[in-house]
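Colleague: Residues 3 to 459 in the numbering used here are what the sequence shown spells out, letter by letter.
Cβ atoms here follow ideal geometry from the backbone N, Cα and C, with glycine treated the same way.
Just dropping this structure here.
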Amino acid sequence: MITKPKGCHDLLGIEAKKWKYVDKIIDSLMERYNYTYARTPIFESSELFHRGVGEGTDIVTKETYDFKDRGDRNITLRPEGTAGIVRSYIENKLYGEPGPVKVYYNGTMYRYERPQSGRDREFTQFGVEVLGSNDPMVDAEVISIPVLLYKMLGLKGIVVKINSLGDKESRDNYREALVKYFTPHINELCEDCLERLKKNPLRILDCKVDKDSDILKNAPKTIDYLNEESKKRFEEVKSYLEELEIDYEVDDRLVRGLDYYNHTVFEIEASVEGFGSNNVIGAGGRYNGLVETLDGPETCCMGFATGLGRLIQALDLEQVKIPVIDDVELFVMYVSETEKKYAASLVQYLRANGYRVDTEYTGRGLKAQFKQADRLNAKYLIILNDEDLAKDEIKIKNNKTKEEETVSVDYLLYFLDEHLAEDEYDEYDECDCGCHGDHENHECGCGDNCHCHHEEE
Ligand code: HAM
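Structure (structure tokens):
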């Protein structure tokens, strides 16, 4: 038997439905923020990630899927979405348009990591990038996106951690301070940190091996090396977060694992019992120098990405009910060949009119078809028989109340419209955000348009 590669997943059944629901919420959220969907290639020239993500990062040194294509080109499966978006921004000269350019993506990324819970080799990120603004208001807006997304989905236990790496001058001063501090201790740190000290000492603070050592705990703090301008900018970002009523903690050890960041960096942790150590569900920051590094014009940018696998894991652990459609409205049943032919066209007609319909495909008898309809949670059964059809009539049965009616074919759509709409109304107090009123205290965050029943309580 051929099995799937390590660190990858098949997405099937109810799990797949949950993901599709999250995708739908993401699309509707992005419409509200007026971010445009962008799709870039899953593989790019290797140089893009070496220069973009950084030669000194774990992602590039240890985790990329690199290969040569048949034309002998060096190709890499994308380990993250930002570098590809920036490449596309430059290649398509989007900087020529009145900015900022606000885009989002939702796709698979690839990192050759040691597979464990929350850490996969193929994983999906939803991310946004804003290219062409240095306004601290944008930093706060980008942080607000995952916060609102998690809220709309009903996730409660999140902690937003922010920090500032400052501008180039501040970062250089901090880097120097770290080299001075770590050099006498280097033999006490792991082998990788020795390399990090040479290439990018900030990465030492990110070290998964030494993270609990006193040497790391007592290391210089970013905040003490910010110049006045960077300090002021960080204060402004924080004040916008307060305007947006986003709770946050300042974590002066937060540096992030990619080289392109400056000024604001942030991570959002799921503080959910049983989540394990890979609990950062979303992260991002400002990367004002990356467009230039990749040969574009000076452009200030800010973005973030959230791992959908980790997000859904957090929702599961919090036992958040994701409203997936797990039924069909109609199941069409038949026995004879003429009834079967009629069933084929009726199913097509009902689907074209917007109903969720299924039928029999494996030659089961009527009794087994009833069982199959139950398995599919069918709301109504259409039971065809030649006698009714000769009179242009159809038998329809409510699968819950077991009430049965025979209606004329001409009247069928009116009947369904009336009965299914009524059932739907009973089931949900539908809310514009799609939350179906699952959120306590009317916390879905969709504001005035919310019709979920908590509003009326
Ligand atoms: P990142 O921190 O590398 O940032 O990844 C963002 C999120 O992707 C993580 O917080 C996590 O939820 C998820 N993630 C990362 N690696 C894995 C993995 N191996 N398995 C499962 N989930 C994973 C970035 O990728 C930046 N491009 C974010 C950004 C956008 N910064 C600015 N713009």
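Take THR59 as the anchor and find which of GLN350, TYR67, ASP419, ASP208 has the nearest alpha-carbon.
Modeller: Nearest C-alpha to THR59: ASP208.
Colleague: Measuring only the C-alpha atoms, how far is SER273 from ASP249?
Modeller: Cα to Cα, SER273 sits roughly 14 Å from ASP249.
Colleague: What is the residue span of the alpha helix (DSSP H) that ASP390 lies within?
Modeller: Residues 388-392.
Colleague: Do you know offhand how far ASP434's Cα is from SER30's?
Modeller: Here the model assigns ASP434 a pLDDT of 49, short of 50, so the residue's position is not dependable, and the following value carries that caveat. One C-alpha to the other measures close to 10 Å.
Colleague: LYS22 to ASN189, Cα distance in whole Å?
Modeller: Spanning the two alpha carbons is a distance of roughly 49 Å.
Colleague: Going by DSSP, which residues form a beta bridge with TYR39?
Modeller: Paired residues: TYR106.
Colleague: Decide if GLU230 is buried, meaning its Cβ has at least 16 other Cβ atoms within 10 Å, or exposed.
Modeller: Exposed.
Colleague: Measuring alpha carbon to alpha carbon, tell me which residue in ASP394, ILE324, ILE398 is nearest LYS20.
Modeller: The shortest Cα separation from LYS20 among ASP394, ILE324, ILE398 belongs to ILE324.
Colleague: Going along the chain, which residues of its own chain have a beta-carbon closer than 6 Å to the beta-carbon of GLU432, five neighbours each way excluded?
Modeller: Note that GLU432 scores 47 on pLDDT, short of 50, meaning its location in the model is unreliable; the coordinates nonetheless yield the value given after this. Here the set comprises nothing.
Colleague: DSSP three-state label for ARG288, please.
Modeller: Residue state, collapsed to three classes: strand.
Colleague: Suppose you measure from the CA of LEU180 to the CA of LEU199; what does that come to, to the nearest Å?
Modeller: Going by the C-alpha atoms only, they are around 8 Å apart.
Colleague: Determine the DSSP secondary structure at LYS213, reduced to helix, strand or coil.
Modeller: The answer is coil: DSSP assigns LYS213 none of H, G, I, E or B.
Colleague: Sort MET3, ARG353, ALA346, ILE27 by Cα distance to GLU331 and report the nearest one.
Modeller: For the residues MET3, ARG353, ALA346, ILE27, the minimum Cα distance to GLU331 belongs to ARG353.
Colleague: Using the C-alpha atoms, what's the distance from THR308 back to GLY159?
Modeller: Distance between the alpha carbons of GLY159 and THR308 is about 15 Å.
Colleague: Taking Cβ positions, are ASN264 and TYR227 nearer each other than 8 Å?
Modeller: No; because the gap between Cβ atoms is not below 8 Å, this pair is not in contact.
Colleague: Please report how far the alpha carbon of LEU414 lies from the alpha carbon of ALA346, in whole angstroms.
Modeller: One C-alpha to the other measures close to 16 Å.
Colleague: In three-state terms, what does DSSP make of ILE28?
Modeller: Reduced to three states, the DSSP call for ILE28 is helix.
Colleague: In chain order, which continuous runs of the beta strand (DSSP E) of length 3 or greater are located wholly inside the stretch 270-334?
Modeller: Taking only runs of at least 3 residues, the beta strand (DSSP E) segments lying wholly in the stretch 270-334 are 282-288, 303-309.
Colleague: With a floor of 3 residues, list each beta strand (DSSP E) that falls wholly inside the stretch 334-374, ordered by position along the chain.
Modeller: Segments of the beta strand (DSSP E) lying fully in the stretch 334-374: 359-361.
Colleague: Closer than 7 Å: is that where the CB of GLY305 sits relative to any heavy atom of the ligand HAM?
Modeller: GLY305 Cβ: within cutoff of the ligand HAM.
Colleague: Buried or exposed: ASP122, going by 16 or more other Cβ atoms within 10 Å of its Cβ?
Modeller: Buried.
Colleague: By DSSP, does GLU124 sit in helix, in strand, or in coil?
Modeller: GLU124 falls in the strand class under three-state DSSP.
Colleague: Just to confirm the assignment, what range does the beta strand (DSSP E) spanning ASN175 have?
Modeller: From DSSP, ASN175 is part of no beta strand (DSSP E) but of the alpha helix (DSSP H) over 170-184.
Colleague: Below 7 Å, is the gap between the Cβ of GLN127 and the nearest heavy atom of the ligand HAM?
Modeller: Yes - the ligand HAM has a heavy atom lying nearer than 7 Å to the Cβ of GLN127.
Colleague: Tell me ASN165's beta-bridge partners as DSSP assigns them.
Modeller: In the DSSP output, where bridge partners are listed per residue, ASN165 has VAL267.
Colleague: Excluding the five sequence neighbours on either side, which residues of its own chain have a C-beta within less than 6 Å of the C-beta of GLN360, listed in chain order?
Modeller: For clarity, residue 360 is Asp in the given sequence; the question names Gln instead. These residues qualify, in order along the chain: VAL330, PHE333, LEU378.
Colleague: Counting pairs of Cβ atoms below 8 Å between the stretch 294-308 and the stretch 125-136, do you hit three or more?
Modeller: A contact exists between the stretch 294-308 and the stretch 125-136.
Colleague: If you compare alpha carbons, which of ASP412, GLU238, GLY365, THR84 is closest to LEU348?
Modeller: Measuring from the Cα of LEU348, the nearest candidate turns out to be ASP412.
Colleague: Just the Cα atoms here: how many angstroms apart are SER166 and ARG288?
Modeller: About 9 Å.
Colleague: Whose C-beta lies closer than 8 Å to the C-beta of ASP328 among residues of the same chain, with five residues either side of it excluded?
Modeller: The residues are ILE16, LYS19, ASN379.
Colleague: From GLU178 to PRO222, what does the alpha carbon distance come to, in whole angstroms?
Modeller: Distance between the alpha carbons of GLU178 and PRO222: 10 Å.
Colleague: State yes or no: is the C-beta of ASP318 nearer than 7 Å to some heavy atom of the ligand HAM?
Modeller: Outside the cutoff, so no.
Colleague: Mark ASN108 as exposed unless 16 or more other C-beta atoms lie within 10 angstroms of its C-beta, in which case mark it buried.
Modeller: Under this definition ASN108 is a buried residue.
Colleague: CB GLY286 to CB SER232, shorter than 8 Å?
Modeller: Their beta carbons are not under 8 Å apart, which means GLY286 does not touch SER232 by this criterion.
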